[in-house]
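Below is one structure; the comments refer to it alone.
2 protein chains.
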Amino acid sequence: MSAKSNSHYDTLVKHFQSISHFEHLSALGDWDQATMMPMGGGEARGAAMAELAKHIHSLKTAPMLAQTINDAKELPLTKQQQANLAEMRYQYLQANVVPGELVEAKTKAAYRCEQAWRQQRRDNDWQGFKPNLENLMLLVKEEATIRAEAQNVSPYDALLDKFEPGMTTANLEQIFGNLKSWLPQLIQQVQDKQKSEPNFTIPNASAESQAKLGREIMNILGFDFNHGRLDISSHPFCGGVASDVRLTTRYDEADFTSGLMGIVHETGHAKYEQGLPKTWRGQPAGVARSMALHESQSLFCEMQIGRGSAFLKLIEPHLTSILSSPLTHSQLTNIYTRVKPELIRVDADEVTYPCHILLRFEAEKSLVTGELAVADLPDFWSTQMLSLLGINTDGDYRNGCMQDIHWAVGELGYFPSYTLGAMYAAQFRSAMETELGCVESQIDSGNLSSVMGWLNDNIWSQGSLLSIDELMRQSTGETLNPTHFKKHLETRYLSR
Amino acid sequence: MSAKSNSHYDTLVKHFQSISHFEHLSALGDWDQATMMPMGGGEARGAAMAELAKHIHSLKTAPMLAQTINDAKELPLTKQQQANLAEMRYQYLQANVVPGELVEAKTKAAYRCEQAWRQQRRDNDWQGFKPNLENLMLLVKEEATIRAEAQNVSPYDALLDKFEPGMTTANLEQIFGNLKSWLPQLIQQVQDKQKSEPNFTIPNASAESQAKLGREIMNILGFDFNHGRLDISSHPFCGGVASDVRLTTRYDEADFTSGLMGIVHETGHAKYEQGLPKTWRGQPAGVARSMALHESQSLFCEMQIGRGSAFLKLIEPHLTSILSSPLTHSQLTNIYTRVKPELIRVDADEVTYPCHILLRFEAEKSLVTGELAVADLPDFWSTQMLSLLGINTDGDYRNGCMQDIHWAVGELGYFPSYTLGAMYAAQFRSAMETELGCVESQIDSGNLSSVMGWLNDNIWSQGSLLSIDELMRQSTGETLNPTHFKKHLETRYLSR
Ligand SMILES: [Zn+2]
Ligand SMILES: [Zn+2]
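For the protein sequence lines, the chains are A and B, in the order given.
The first sequence runs 17 to 512 under the numbering used here.
The second sequence runs 17 to 512 under the numbering used here.
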């Protein structure tokens, strides 16, 4: 094997670099659409973005790829190059396995379903939503079946794999089964404990001052403003590209609490992006490892750091200066650790949140196997909400099975990532404390650098060079272990 | 000819629609870079934009185009379709005539020259700038020669044609010769007349209040905020796409005057874009006709409307409310009609401005023919500035021949557009007044709708469906006639 014969690999590197340039433009278009674009610009933008998506798809399914990838496998590549090649192969298979007509049919059905859902949700119109969802579900199942056959796994496993490569239904059933065995009781204990906490009013803060505070907090968390921005959108997100991370939040002048924690959360996502390995920029091995790991980083910032007593003390002087009336430290801690079963997932606290995921995991798994019909979804929902969180949702479709956008756009297999992320975050915290000592006391001393350094070395800078299991073992000594999450919740919510 | 055989034309329509989708993304990238992008994002953005430019170029030079365009010429097309096809052919030729290696060499030389120029200009470093410009000029001449051969015109004509299709050196020499015969004397007369005008201080206005005022004035001019935005950049420009026009300005708190008139100017560009024919969106016939006509619309807003007494009266109440101390109407008129020979083109008033263009036209024409060597440019500049505006610029390269970016990026043939635009604008005004009556008195009554309606019907909605001469004849009864410009200057600057 001569250097020259590495040209197969070099061809691939160049090709995937091209793809990443077009994905850069796609990320910019998405961000602009959510933050800057006037309504009237939507139609032309939509057409341009569709053209771009088509072009990216054509690059990902370029006929030369199959052979070139196969040829490159025979080359004397470094371990990292091999990892990159494996990711190329994975992306190629993901893009090629589903026939173009099915992708298009699903995209159209998803668009139709989502557009109608926006109004139907407001109207609590389950009867209107149902046929669209049924139609879309048929296509989702078709896609899942095709992917399953290609990967020799079950259809729902194939959907999970899109977001958390390697994750299986069996594995999740074990993890979530464990969770289900102790979480409802823990929720009850926490609620009993918090019963005596006093009520108080949340003071006002202008949107402008919240944005200023947000930037101060991003600085504390080490967000690099030379490679990113903070803006406003109706739903907070972290977009852009690794060299220019665009995050957003929204400001409620009567309640700063969720906008502020939204920034902390999205900054966690942003730190992962900003910390991705620079030598692998634009290559499949250079992107974030998985959706659950991405969420683990946002939840590390929000849950492990952000809602902890030390961090709240750290930001208190900044916060106090923008509030119409002061909050004590205990009130602030109160706000950010209050546990209360709620109807809406995105408003849930970190203790009850996994219940929302358990329910959705069971539902989508059964929708894909066919054990649950779309028509029976509302009943399933009511029963589960009552059993898990003690809330009656009968007839409240809007705040029940119609609350999330995921299914309305045909995205199944994603929900578990949220709770897996919370578990990964707790596990990272444990491993970090073994190495660095108490995280709270480091934050208390105003120094986040060793905490961030640990995340950078163990997670961000690894990109997709390791498998998830390899990354977990290398950084924490074991694969995913939900015990750490349980310990985290008990420590924060029961022991103080 | 059956409907089916129109498929050649339909293929082209689809192809150019694709190109326009990618150009949409290019416009977004440019705008974002100038307004939103953090510095650190520049490298990756540059790579993505270069990839996009390469892709657009490959679409514009697609091998199938030559034959398909030829075949489509035989089809029974409508007159407008024929115009669209002619524009397709023109774009195809423009993109194909210059060999890829030359385009790349020129792009690189231009990039190098511009990057160095940014610092060299600050340092007044002509000796440093000269070799870069000489090198770049060789490539510009090579490009001009190739274009000239393909179009059977002179090299400088070929450069002019890129910005003002159909314009020739001979034609410009006549137009600018006429201008030169009366302008210096007129400048002298205006200066004599303005000698007695009193001096006063320009009051402060916060950047925030200037932006608010800017939006009010854009509303008065009928800018459609559902299809556009106003932002800040270091150099004002009008970017984006027709359905989402992004204009920018900059604010100087100690001197609102240029930021404000910058908005009026860019709004003129924006109105043209927003008024382009909707049925031809994404097609070559649907874009603005030429650079000079684009400038005619910005200058119509800025010069014909914006600096007129009636408009200044219209915006006075809005303006007064943001100033630290009031300005009288006569002071305001004074500010915006003050004539004074200056070193810098972009700071020039509308009377002396054409002298800056006369000089640059003579210089670039002679640089291309070889009658003027780059080394002799500073001497040429000094002589001309002294003769045209009575200013000595010996040794002041920074404010002399190094002041503009155009030559530093190898853009020759563009400068004449500015003054052609001013002449077109005056000619439109004359024709409009013949049809609608006095423009000043319409603005005085606060009604700009018939003025804007006339521009919409005669210019904006025509896109590139007519040639420039056809458009001028149809809208004003004659081709470009500099007399109207002379009359405009005399009326505004000598008769009051
Ligand atoms: Zn998140
Ligand atoms: Zn302009």
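Ideal Cβ positions, reconstructed from N, Cα and C, are used throughout, including at glycine.
How many angstroms separate the CA atom of Pro357(A) from the CA atom of Ile407(A)?
The residue given as residue 357(A) occupies position 341 in the first sequence. The residue given as residue 407(A) occupies position 391 in the first sequence. Straight-line Cα distance between these residues: approximately 8 Å.
Please report the distance separating the alpha-carbon of Thr27(A) from that of Lys76(A).
Here residue 27(A) is taken as the residue at index 11 of the first sequence, counted from 1. Here residue 76(A) is taken as the residue at index 60 of the first sequence, counted from 1. Going from the Cα of Thr27(A) to the Cα of Lys76(A) covers about 13 Å.
Output needed for Arg321(B): all residues of its chain with C-beta closer than 6 Å, excluding positions within five of it in sequence on either side, in chain order.
For the purposes of this step, residue 321(B) is identified with residue 305 of the second sequence, where counting begins at 1. According to the sequence as given, residue 321(B) is Ile; it is not Arg. Correct list, in chain order: Phe327.
Residues bridged to Gly255(B) (per DSSP)
Indexing the second sequence from 1 puts residue 255(B) at position 239. Per DSSP, Arg262(B).
By a C-beta neighbour count over all protein chains shown, 10 Å radius and 16 as the cutoff for buried, is Gln290(A) buried or exposed?
To locate residue 290(A), count along the first sequence from 1; it is residue 274. Taking a 10 Å sphere around the C-beta of Gln290(A), we find 16 or more other C-beta atoms and assign the residue as buried.
Taking 6 Å as the cut-off, is the CB of Ser314(B) close to at least one heavy atom of ligand 2?
Mapped onto the second sequence, residue 314(B) falls at position 298. Because some heavy atom of ligand 2 lies under 6 Å away, the Cβ of Ser314(B) counts as near it: yes.
Could you tell me whether any non-hydrogen atom of ligand 2 is closer than 6 Å to the CB of Glu159(A)?
Here residue 159(A) refers to the residue found at position 143 of the first sequence. No, ligand 2 has no heavy atom inside 6 Å of this Cβ.
Answer yes if the segment 63-80 of chain B comes into contact with the segment 256-266 of chain B, meaning at least three C-beta pairs across the two stretches below 8 Å, and no otherwise.
no
Identify the continuous alpha helix (DSSP H) that holds Gly411(B) and give its terminal residues.
Locating residue 411(B) in the second sequence gives position 395, counting from the first residue. It is not in any alpha helix (DSSP H) - Gly411(B) carries neither H nor E in the DSSP assignment.
Just to make sure I have the definition right: I need the residues of chain A whose C-beta is within less than 7 Å of the C-beta of Arg245(B). Which are they?
Here the question's residue 245(B) lines up with position 229 in the second sequence. Ordered by position in chain A, the residues that pass the 7 Å Cβ test against Arg245(B) are Met52, Pro54.
Segment limits, beta strand (DSSP E) that includes Arg323(A)
Numbered from 1 along the first sequence, position 307 holds the residue referred to as residue 323(A). Arg323(A) -> no beta strand (DSSP E), and no H or E assigned at all.
Does the distance between the C-beta of Glu189(A) and the nearest non-hydrogen atom of ligand 3 fall short of 6 Å?
Absence of ligand 3 from the depicted structure is noted, with ligand 1 and ligand 2 being the only ligands included.
In DSSP terms, what Arg245(B) is bridged to
Position 229 of the second sequence holds residue 245(B). Paired residues: Arg262(B).
Where does Arg489(A) land, buried or exposed, given buried means 16+ other C-beta within 10 angstroms?
Walking along the first sequence from the start, residue 489(A) turns up at place 473. So Arg489(A) ends up on the exposed side.
Rank Glu189(A), Gln419(A), Gly298(A) by C-alpha distance to the C-alpha of Val362(A) and give the top, closest one.
Your numbering for residue 362(A) matches position 346 in the first sequence. For Val362(A), the closest alpha carbon among the candidates Glu189(A), Gln419(A), Gly298(A) is that of Gln419(A).
Out of Ala166(A), Ala64(A), Thr499(A), Lys329(A), state which residue places its alpha-carbon closest to the alpha-carbon of Lys196(A).
The residue labelled residue 196(A) in the question sits at position 180 within the first sequence. Ranking Ala166(A), Ala64(A), Thr499(A), Lys329(A) by Cα distance to Lys196(A) puts Thr499(A) first.
What first and last residue would you give for the alpha helix (DSSP H) that runs through Asn187(A)?
Within the first sequence, numbered from 1, the residue matching residue 187(A) stands at position 171. It spans 185-210 - the alpha helix (DSSP H) in which Asn187(A) sits, taken as one unbroken run.
So, at 7 Å on beta carbons, what are the nonlocal neighbours of Thr84(B) in its own chain, with the 5 sequence-adjacent residues on each side left out?
Reading the second sequence from its first residue, position 68 is the one you call residue 84(B). Here the set comprises His24, Thr27, Leu28.
Have a look at Gly62(B) and Lys287(A) and give me their C-alpha separation to the nearest angstrom.
Numbered from 1 along the second sequence, position 46 holds the residue referred to as residue 62(B). Numbered from 1 along the first sequence, position 271 holds the residue referred to as residue 287(A). Distance between the alpha carbons of Gly62(B) and Lys287(A): 23 Å.
Going along the chain, which residues of its own chain have a beta-carbon closer than 8 Å to the beta-carbon of Met468(A), five neighbours each way excluded?
Here residue 468(A) is taken as the residue at index 452 of the first sequence, counted from 1. Closer than 8 Å at the Cβ level, and outside the excluded window around Met468(A), lie Leu237, Gly238, Lys287.
Is Glu311(A) near ligand 1 - that is, is its Cβ less than 6 Å away from at least one heavy atom of it?
To locate residue 311(A), count along the first sequence from 1; it is residue 295. The answer is yes for Glu311(A).
With 16 other CB atoms within 10 Å as the buried threshold, where does Trp142(A) fall?
Here the question's residue 142(A) lines up with position 126 in the first sequence. When all chains shown are included, Trp142(A) counts as buried.
Going along the chain, which unbroken runs of the alpha helix (DSSP H) with 4 or more residues stay wholly within the segment 391-457 of chain A?
393-405, 432-452
Between which residues of its own chain and Thr283(A) is the CB-CB distance below 6 Å, once the five residues before and five after are set aside?
Here residue 283(A) corresponds to residue number 267 of the first sequence, with the count starting at 1. Met234, Leu237, Phe239, Cys317.
Would you say Glu282(A) reaches chain B, if we count a Cβ-Cβ gap shorter than 7 Å as a contact?
Within the first sequence, residue 282(A) is the residue found at index 266, counting from 1. For Glu282(A), the answer is no, since every Cβ of chain B falls outside 7 Å of its Cβ.
Continuous alpha helix (DSSP H) stretch holding Phe38(B): start and end:
Taking the first residue of the second sequence as 1, we reach residue 38(B) at position 22. For Phe38(B), the uninterrupted alpha helix (DSSP H) segment begins and ends at 23-51.
Looking at chain A, is there any beta carbon in it that lies within less than 7 Å of the beta carbon of Lys502(B)?
As a working mapping, residue 502(B) is identified with position 486 in the second sequence. Not an interface residue.
Can you say whether Pro432(A) is buried or exposed, counting buried as having 16 or more other CB atoms within 10 angstroms of its CB?
What you label residue 432(A) is simply residue 416 of the first sequence in a count that begins at 1. Pro432(A) counts as buried, since no fewer than 16 other beta carbons sit within 10 angstroms of its beta carbon.
Measure the C-alpha to C-alpha separation of Lys502(B) and Leu436(B) and round it to an integer number of angstroms.
Position 486 of the second sequence, counted from the first residue, corresponds to residue 502(B). Position 420 of the second sequence, counted from the first residue, corresponds to residue 436(B). Between the C-alpha atoms of Lys502(B) and Leu436(B) there is a straight-line separation of about 13 Å.
Output yes if chain B places a C-beta closer than 7 Å to the C-beta of Ala60(A); else output no.
As a first step, residue 60(A) must be located in the first sequence, where it is residue number 44. Ala60(A) counts as touching chain B.
Contact check, Gln400(A) vs Leu359(A), beta carbons under 7 Å:
One-based indexing of the first sequence puts residue 400(A) at position 384. One-based indexing of the first sequence puts residue 359(A) at position 343. Not closer than 7 Å, so no.
Cβ pair count under 8 Å reaching 3, the segment 153-165 of chain B against the segment 435-454 of chain B:
no
Is any beta-carbon of chain B found at less than 7 Å from that of Ser259(A)?
Counting from one through the first sequence, the residue named residue 259(A) turns up at place 243. Yes, Ser259(A) lies at the interface with chain B (some Cβ there is under 7 Å from its Cβ).
Going by DSSP, what residue range makes up the alpha helix (DSSP H) through Val384(B)?
Here residue 384(B) corresponds to residue number 368 of the second sequence, with the count starting at 1. Segment 369-385, the alpha helix (DSSP H) holding Val384(B).
Is it buried or exposed for Thr495(B), if we count other Cβ within 10 angstroms and need 16 for buried?
Taking the second sequence and counting its residues from 1, one reaches residue 495(B) at position 479. Thr495(B) should be labelled exposed.
Would you be able to state if there are at least three C-beta pairs under 8 Å between the segment 292-310 of chain A and the segment 329-339 of chain A?
no
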